[in-house]
Each structure stands twice: as structure tokens, then as C-alpha cells.
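Asks:
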Amino acid sequence: MSTKITISALMALALLLGSCSTGDMTENEVNIIFLHHSTGDHIWNGQPPSFSRKVIRKLSPQLDKKLNSKGLLPSLFNTHNETHKTNYEVVEQNFPKVSPYGWNNYPFDYYNIWVKHAGNNLFKEEPTLELLSPKYDVIVFKHCYPVSSIVSTTDSNNIESYQRTLGNYKLQYLALRDKLHTFPQTKFILFTGPVQVQANLETEEALRAKKFYDWVVSEWDQPDDNIFLWDLYALQTEGGLFFKDEHAVSPTDSHPNKTFSTQAAKLLFERIIDITENSGKNTLLTGHKK
Numbered sequence: 001m002s003t004k005i006t007i008s009a010l011m012a013l014a015l016l017l018g019s020c021s022t023g024d025m026t027e028n029e030v031n032i033i034f035l036h037h038s039t040g041d042h043i044w045n046g047q048p049p050s051f052s053r054k055v056i057r058k059l060s061p062q063l064d065k066k067l068n069s070k071g072l073l074p075s076l077f078n079t080h081n082e083t084h085k086t087n088y089e090v091v092e093q094n095f096p097k098v099s100p101y102g103w104n105n106y107p108f109d110y111y112n113i114w115v116k117h118a119g120n121n122l123f124k125e126e127p128t129l130e131l132l133s134p135k136y137d138v139i140v141f142k143h144c145y146p147v148s149s150i151v152s153t154t155d156s157n158n159i160e161s162y163q164r165t166l167g168n169y170k171l172q173y174l175a176l177r178d179k180l181h182t183f184p185q186t187k188f189i190l191f192t193g194p195v196q197v198q199a200n201l202e203t204e205e206a207l208r209a210k211k212f213y214d215w216v217v218s219e220w221d222q223p224d225d226n227i228f229l230w231d232l233y234a235l236q237t238e239g240g241l242f243f244k245d246e247h248a249v250s251p252t253d254s255h256p257n258k259t260f261s262t263q264a265a266k267l268l269f270e271r272i273i274d275i276t277e278n279s280g281k282n283t284l285l286t287g288h289k290k
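Next up, the structure:
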């Protein structure tokens with residue numbers, strides 16, 4: 001009888017100690033979500049996906065997520081947690097999904113989902129900020145590289161238009177900034193718009209993309225708020241107008257290659273850590289240390 005009591009007591013003590021430990025970890029936990037598509041997938045993993053993974057992803061996104069739950073970016077956070085006794089929890093998610101919303105993550109789409117259709121309900125199965133913000137301390141999001149295909153137009157600017165023009169982008173970004181400011185407890189990290197290799201982008205479009213980039217960095221981004229930038233554009237172009245061919249999968253494929261994806265993942269990691277711990281004061285927009 002005494003043996004049973006002793007075993008029961010030890011089990012109770014173990015549960016108590018376990019619950020205390022879990023409580024401490026939860027209290028110090030920093031939850032991060034990375035919303036992305038294919039370029040983001042390259043950076044998350046530190047390399048382009050293999051042919052087999054591309055096939056699995058098309059057949060079963062759920063199986064793909066189980067088989068590829070680890071990548072370079074989360075491994076960097078795991079190492080940081082072990083070294084510094086921190087508790088960063090980072091997850092990734094395709095946003096928006098292929099269906100039912102559609103594989104589009106341009107300025108209009110963030111405006112459409114997060115501003116126009118804001119609220120406590122999913123919009124076409126996509127989470128609004130009202131749903132994301134309570135769960136995550138840091139929300140990282142980006143555009144796909146066709147965002148750089150900015151057309152010329154003489155029409156009036158229209159925030160409700162999906163047409164990719166400078167004027168529409170600016171209106172949608174201003175509305176998005178106002179919306180993000182209503183969640184001061186959450187830190188948002190936005191990639192500067194990725195650009196394409198020269199073979200896939202007209203010079204006039206590249207010049208407009210550069211103009212929008214300059215506006216985002218110098219005017220749209222404000223000091224001492226909860227919105228931060230990670231400067232993918234500067235890393236891609238190195239001062240030019242196009243994604244440098246040597247950083248891309250090929251001169252006709254605007255996805256980042258393994259070398260660039262690895263470098264980008266490390267710099268994004270540094271930028272996220274610095275923004276979370278120091279409001280980004282110790283790194284440049286690219287993630288390089290000051």
C-alpha cells in the first residue's frame with residue numbers, strides 16, 4: 001500500500017514540476033508566423049525545393065508540411081533558443097492559399113483580406129489580423145516577385161483596383177499601415193518588394209518597382225512604430241534594377257538559388273531577432289549588423 005502511495009506521490013510531483021516548467025516557457029514564449037509563397041519557401045528552407053518535394057506539394061500540401069517541417073530558418077531559431085535559453089517558436093504558412101482565395105499576395109490582396117474584410121471571421125478561409133494578432137507576437141509577410149511588374153496608367157488611382165500601378169499600391173499600403181497600427185502589441189515585418197531577373201522584367205517596370213521601393217523605405221516606413229522592414233530588394237539588386245542573375249535559380253527564373261537563399265535566411269533571422277529584442281536598432285534593414 002505504501003509503495004502505491006509513494007508512486008502516486010512521485011507522479012503528482014512530476015506533473016507539478018512539469019506544469020511549472022511549461023508555465024515558465026509559455027510566459028517567455030515569442031510566437032512568430034511567416035506568411036509566404038515560393039520565394040519565402042526557398043528562404044525558409046535555405047534552398048530551392050527538390051523535384052520530389054514539388055510533386056508532393058502539388059499532390060498533398062498536408063503531407064508536404066509533415067515531411068518538410070524543418071528548414072534553415074527554424075533551425076537557426078532552435079540553435080538560438082538552446083544557446084540563449086530563449087523560447088522563440090516560428091511557424092510558416094502559405095498566405096493566401098491556392099484555393100479558395102487564389103495564389104495572390106500583392107498589395108491589393110493584403111488590403112482586401114486585412115483591411116476591407118477585417119473582422120473575427122476568416123475571409124475565403126484566410127485569417128484576418130483580428131485572428132492572427134492574438135496568436136502571434138511577430139507576423140512576417142511578403143509579396144511574390146511579380147509585384148515588380150508595375151504597369152503605367154493614366155487612370156485615377158483606385159484603392160479597390162487589383163491593377164498593379166504605383167498609385168494603387170500606395171493607396172493600399174497607406175490603408176494597410178493604418179490597419180497594422182491598430183495592433184500595437186504585434187510587431188509586423190514586411191519584406192521590401194522582390195524584383196525579377198532582367199530577362200523577365202521590362203526596364204520601365206523595373207524603374208517603377210525601384211520608385212515604389214524608394215517610397216516604401218523613405219516615406220511609408222515610419223520610425224518608432226510596430227512595422228519594420230526587411231530589405232530583400234537591396235539584397236537582390238545590390239544597387240541595380242534587377243534581381244542579379246548570379247543570385248537566381250537561373251537567368252530566366254526569379255526564385256533565389258541555394259547560395260542566396262541560405263544568405264537570406266541568416267539575415268532574415270538576424271533581423272527578426274533584433275526587431276523582437278531591440279526594435280531593430282542593431283541591424284540594418286537587410287539584417288546586417290550595424
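Per our numbering, the very first residue in the sequence shown carries number 1; after that it's consecutive. Note that CB positions come from ideal geometry on N, CA and C, so glycine has one too. Since the structure is predicted, the reported quantities are computational estimates derived from the model, not experimental observations.
Could you check where the beta strand (DSSP E) with Asp109 kicks off and where it finishes?
Replies: Taking the first residue of the sequence shown as 1, we reach residue 109 at position 109. No beta strand (DSSP E) holds Asp109; the alpha helix (DSSP H) holding it covers 107-110.
Asks: Do the region 235-252 and the region 189-208 meet, that is, are 3 or more Cβ pairs less than 8 Å apart?
Replies: The answer is yes - the region 189-208 touches the region 235-252, with three or more Cβ pairs under 8 Å.
Asks: Would you call the region 179-195 and the region 115-135 touching, i.e. three or more CB-CB distances under 8 Å?
Replies: Result yes; three or more Cβ-Cβ pairs closer than 8 Å.
Asks: Determine the direct distance from the alpha carbon of Leu207 to that of Phe228, and round the result to whole angstroms.
Replies: For the purposes of this step, residue 228 is identified with residue 228 of the sequence shown, where counting begins at 1. For the purposes of this step, residue 207 is identified with residue 207 of the sequence shown, where counting begins at 1. Rounded to the nearest angstrom, the two C-alpha atoms are 24 Å apart.
Asks: Roughly how many angstroms lie between the CA atoms of Tyr88 and Thr153, to the nearest whole one?
Replies: Taking the sequence shown and counting its residues from 1, the one referred to as residue 88 is at position 88. Taking the sequence shown and counting its residues from 1, the one referred to as residue 153 is at position 153. Spanning the two alpha carbons is a distance of roughly 45 Å.
Asks: Determine which residues share a DSSP beta bridge with Ala248 and list them.
Replies: Here residue 248 refers to the residue found at position 248 of the sequence shown. The partner list for Ala248 (beta bridge, DSSP) reads Pro256.
Asks: Does the Cβ-Cβ distance between Ile275 and Ile139 come in under 8 Å?
Replies: The residue you call residue 275 lines up with position 275 of the sequence shown. The residue you call residue 139 lines up with position 139 of the sequence shown. Not a contact, by the Cβ cut-off of 8 Å.
Asks: Could you pull out every unbroken beta strand (DSSP E) segment of at least 3 residues lying fully inside the region 158-224, listed in chain order?
Replies: Correct list: 187-191.
Asks: Given this structure, state the Cα-to-Cα distance separating Asn278 from Trp230, to the nearest angstrom.
Replies: Sequence index remark: in the sequence shown, residue 278 carries index 278 (1-based). Sequence index remark: in the sequence shown, residue 230 carries index 230 (1-based). One C-alpha to the other measures close to 15 Å.
Asks: Please report the straight-line C-alpha distance between Gly119 and Ile113, rounded to a whole angstrom.
Replies: The residue you call residue 119 lines up with position 119 of the sequence shown. The residue you call residue 113 lines up with position 113 of the sequence shown. Using only the alpha carbons, I get a separation of about 9 Å.
Asks: Is the region 150-164 in contact with the region 217-227, if contact means three or more CB pairs nearer than 8 Å?
Replies: Segments in contact, no.
Asks: To the nearest angstrom, how far is it from the Cα of Asn81 to the Cα of Thr165?
Replies: Taking the sequence shown and counting its residues from 1, one reaches residue 81 at position 81. Taking the sequence shown and counting its residues from 1, one reaches residue 165 at position 165. In a straight line, the C-alpha of Asn81 is about 42 Å away from that of Thr165.
Asks: Give me whichever residues DSSP pairs with Gln236 in a beta bridge.
Replies: Within the sequence shown, numbered from 1, the residue matching residue 236 stands at position 236. According to DSSP, which records beta bridges pairwise, Gln236 is partnered with nothing at all.
Asks: Mark Asn28 as exposed unless 16 or more other C-beta atoms lie within 10 angstroms of its C-beta, in which case mark it buried.
Replies: Working through the sequence shown from its first residue, we reach residue 28 at position 28. Result: exposed.
Asks: Which term fits Asp155, buried or exposed, when burial requires 16 or more other beta carbons within 10 angstroms of its beta carbon?
Replies: For the purposes of this step, residue 155 is taken as residue 155 along the sequence shown, with counting starting at 1. Looking at its Cβ environment, which holds fewer than 16 other Cβ atoms inside 10 Å, Asp155 is exposed.
Asks: Please determine, among Phe123, Tyr145, Val91, Val115, the residue with the shortest C-alpha to C-alpha distance to Pro100.
Replies: Counted from its first residue, the sequence shown places residue 100 at position 100. Closest by alpha carbon: Phe123.
Asks: Can you look up Ile273 in the DSSP assignment and give me helix, strand or coil?
Replies: As a working note, residue 273 is residue 273 in the sequence shown. If DSSP states are grouped into helix, strand and coil, Ile273 belongs with the helices.
Asks: Does the Cβ of Asp178 have 16 or more other Cβ atoms within 10 Å, making it buried, or fewer, making it exposed?
Replies: Position 178 of the sequence shown, counting from 1, holds the residue named residue 178. Exposed is the call here.
Asks: Going by DSSP in three states, Asn278 sits in which element: helix, strand or coil?
Replies: The residue given as residue 278 occupies position 278 in the sequence shown. If DSSP states are grouped into helix, strand and coil, Asn278 belongs with the helices.
Asks: Would His255 be called buried (16 or more neighbouring beta carbons within 10 Å of its own) or exposed?
Replies: Within the sequence shown, the letter at position 255 stands for residue 255. Classification for His255: buried.
Asks: By DSSP, does Tyr88 sit in helix, in strand, or in coil?
Replies: Position 88 of the sequence shown holds residue 88. Strand.
Asks: Just checking Lys210 against the ligand SAM - is the residue's beta carbon closer than 7 Å to any of the ligand's heavy atoms?
Replies: Absence of the ligand SAM is noted for the structure shown, with no ligands found whatsoever.
Asks: Measuring CB to CB, does His36 end up less than 8 Å from Lys142?
Replies: Within the sequence shown, numbered from 1, the residue matching residue 36 stands at position 36. Within the sequence shown, numbered from 1, the residue matching residue 142 stands at position 142. Yes. Within cutoff.
Asks: Where do the ends of the beta strand (DSSP E) carrying Asn120 lie?
Replies: Here residue 120 refers to the residue found at position 120 when the sequence shown is read from its first residue. From DSSP, Asn120 is part of no beta strand (DSSP E); its letter is neither H nor E.
Asks: Using the beta-carbon count (16 or more within 10 Å), is Gly46 buried or exposed?
Replies: For the purposes of this step, residue 46 is taken as residue 46 along the sequence shown, with counting starting at 1. Gly46 is buried by the Cβ-count criterion.
Asks: Just how far apart, CA to CA, sit Phe260 and Phe212?
Replies: Residue numbering aside, residue 260 sits at position 260 when the sequence shown is read from its first letter. Residue numbering aside, residue 212 sits at position 212 when the sequence shown is read from its first letter. Looking at the two C-alpha atoms, the distance is approximately 23 Å.
Asks: Pull up the DSSP beta-bridge partners for Phe141, would you.
Replies: The count along the sequence shown starts at 1 and reaches residue 141 at position 141. Paired residue(s): Leu35, Leu190.
Asks: Within 10 angstroms of the Cβ of Leu85, are there 16 or more other Cβ atoms? Answer buried if so, exposed if not.
Replies: By 1-based counting over the sequence shown, the position of residue 85 is 85. The sequence as given places Lys at residue 85; Leu does not occur at that position. Label assigned to Lys85: exposed.
Asks: Going by DSSP, what residues sit across from Glu126 in a beta bridge?
Replies: Taking the sequence shown and counting its residues from 1, the one referred to as residue 126 is at position 126. Answer is Phe123, bridged to Glu126.
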